[in-house]
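Undergrad: Note that the sequence shown covers residues 6 to 179 in the numbering used here. All C-beta atoms in this analysis are idealised placements derived from N, C-alpha and C, irrespective of residue type, glycine included. Treat the numbers as computed from the prediction; the structure is a model and nothing was measured. Quick one: the structure is below, and I'll ask about it shortly.
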Amino acid sequence: MVMPIKEEWGMGRSILVVDDHMSFCRHIQAILSGNGYEVDICGSPLEALEMLRSRPYDILLTDMRLPHMDGIKLFEEAKKIDQTILGIIMTAYGTIPSAVEAIKRGVSDYIQKPFDPEALIFIVQKVSKEKDVLEELNHLRDEIDQKYSFESIIGKNYKMIQIFDLIKKLHPLM
C-alpha cells in the first residue's frame, strides 16, 4: 500500500475507474482511496456511462482498450454527460501517436501500464489541480458576469431608471 503523499490533495475529488480487469480496478481503488480520493470502479464502458448519468465524477480514469468502446470514445461520451469531467487514459499498448491523439481529443493525461503507484498518484494529483483551476476560473467568470450584468448597473436617478426600463423593453433578454 502506498503511503499518502499529502492527505488533503485527494479530499473531495471523485474518480470513476474503468478497466475490464476488475482486480486491477480494485488495486487502483485501494491506492487512490488511500490517498483521500473517493473511487468507484466498473468493468465496462456501458456500465461506466450509466454510473456517469447517475452522479457526477471529477475524473474518469479509463483503460484505452475496452470491450464495445475505446477509452477515448468513452471519455468523449462522458463529456456529453458532464462537460466538467476530466480524463486520464491508461494503456499497456501506448504509443506516442496514441498519447498525442488522446490529448488532442481532450484527455488531461495518459499513463502507460504497468505503472508505479506513485506515478499514478502524481498524475491524478496533477489532474485534480487542473480541476481546481478550472472550477476557480468558472467561479470568477460567474462573479464577473454578476458584477457587470445589466441588473447590477446602479441608477437611482429617475431619468436613468426610465432609460433602463426602455432598454429592457427593447431587449427582453436583459
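For M165 and R110, I'd like the C-alpha separation in whole angstroms.
TA: Our two residues, M165 and R110, have alpha carbons roughly 49 Å apart in a direct line.
Undergrad: Is the beta carbon of I36 less than 7 Å from the beta carbon of V132?
TA: no
Undergrad: Classify T89: buried if its beta carbon has 16 or more other beta carbons within 10 angstroms, exposed otherwise.
TA: exposed
Undergrad: At 3 residues or longer, what runs of the beta strand (DSSP E) sit wholly inside the segment 25–88?
TA: 43–47 and 64–68
Undergrad: Measuring CB to CB, does M74 end up less than 7 Å from P50?
TA: yes
Undergrad: Would you mind reading off the limits of the beta strand (DSSP E) that contains Y153?
TA: Here Y153 belongs to no beta strand (DSSP E), and DSSP marks it neither H nor E.
Undergrad: What's the gap between the Cα of V112 and the Cα of I93?
TA: 6 Å
Undergrad: Could you give the first and the last residue of the continuous beta strand (DSSP E) run that contains D121?
TA: Taken as a continuous stretch (DSSP letters only), D121 belongs to no beta strand (DSSP E), as it is neither H nor E.
Undergrad: Do the segment 16–27 and the segment 57–72 meet, that is, are 3 or more Cβ pairs less than 8 Å apart?
TA: These segments touch.
Undergrad: Is T96 buried or exposed, if buried means 16 or more other CB atoms sit within 10 Å of its CB?
TA: buried
Undergrad: Using CA atoms only, rank isn't needed, just tell me which of T100, F80 and M56 is closest to L91.
TA: F80
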